[in-house]
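In our numbering, the protein residues as written are 5 to 78.
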Amino acid sequence: DPADGSRRPIAEVVRGDLERLAQKTTDPDFGLAVRMIEQLLAGGGQSGWLKSHMDAGSGMNDIARYASEQFEHK
């Protein structure tokens, strides 16, 4: 944990950051972002996401395009 130097699972640190940010944000889409992050964490984090897409036959360009689309502002 960069805040206090303690060793904790990444998912725990991320959830703590999300709770802290939830108290400060005025972004109406913050809840949606949190749900997306929770889904990612439930599936093994970024490495789990990458592995599942690579196992399904996606190439790096496909993954980069999909990731970019997920965070595109509309």
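The beta-carbon is built from N, C-alpha and C at its ideal position, and this holds for glycine as well.
Going by CA-CA distance only, name the one from the options that's closest to residue i.
{"i": "I14", "options": "T30, G49 and S62", "result": "G49"}
{"i": "V38", "options": "N65, R19, K55 and S10", "result": "R19"}
{"i": "I41", "options": "L22, L54 and D31", "result": "L22"}
Could you give the DSSP three-state label for residue i: helix, strand or coil?
{"i": "A60", "result": "coil"}
{"i": "A7", "result": "coil"}
{"i": "R19", "result": "helix"}
{"i": "A12", "result": "Note on identity: in this sequence residue 12 is Arg, with Ala being the wrong assignment. Residue state, collapsed to three classes: coil."}
Buried or exposed: where does residue i fall if 16 or more other Cβ atoms within 10 Å of its Cβ makes it buried?
{"i": "L36", "result": "exposed"}
{"i": "I45", "result": "Per the sequence shown, residue 45 should be read as Leu rather than Ile. Flag for L45 reads buried."}
Every unbroken alpha helix (DSSP H) within the region 26-76, with a cutoff of 4 residues, ordered by chain: The region 26-76 contains these whole alpha helix (DSSP H) runs: 34-46, 49-59 and 64-74.
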